[in-house]
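Each remark here refers to the structure printed beneath this line.
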Amino acid sequence: MTMVTLYDAKAHLSILDNSQDALITSLIAAAEAACGAYLALAEDAERPATLDTAVKMTVANMFEGREGAFIPAEALSLLNEHREWVFG
Numbered sequence: 049m050t051m052v053t054l055y056d057a058k059a060h061l062s063i064l065d066n067s068q069d070a071l072i073t074s075l076i077a078a079a080e081a082a083c084g085a086y087l088a089l090a091e092d093a094e095r096p097a098t099l100d101t102a103v104k105m106t107v108a109n110m111f112e113g114r115e116g117a118f119i120p121a122e123a124l125s126l127l128n129e130h131r132e133w134v135f136g
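With the working numbering applied, the sequence shown covers 49 to 136.
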């Protein structure tokens with residue numbers, strides 16, 4: 049499911065050196081898993097165009113917060129456009 053590259057994430061974070069590459073790579077995986085789970089996306093599902101932006105925003109939030117990080121409200125607003133809501 050990975051579509052956000054290390055290069056993309058580092059550009060979004062304005063990071064030029066390679067000292068944090070392992071951390072950022074793990075944050076990309078965690079952010080993609082969190083955003084994908086929020087949308088209940090299957091592994092082979094078509095990805096909404098805004099998903100990559102939401103993932104990068106979540107990576108930034110996780111990178112800045114380091115602990116207790118979550119999908120930020122701005123990213124949720126992008127994801128909510130594609131979430132299937134069920135009320136029961």
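Think of the CB as a built atom: it goes at the ideal place given N, C-alpha and C, for glycine as much as any other residue.
Remember, predicted model here, so these are calculated numbers, not experimental data.
For the pair A123 and A77, the Cα-to-Cα distance works out to about 16 Å.
Proximity of the segment 88–99 to the segment 54–74 falls short of the contact definition, fewer than three beta-carbon pairs being nearer than 8 Å. For H130, the three-state secondary structure derived from DSSP is coil. Here E94 carries a coil assignment [DSSP, helix/strand/coil].
Taking I72 as reference, the option from Y86, Y55, A85 and A81 with the minimal CA-CA separation is Y55.
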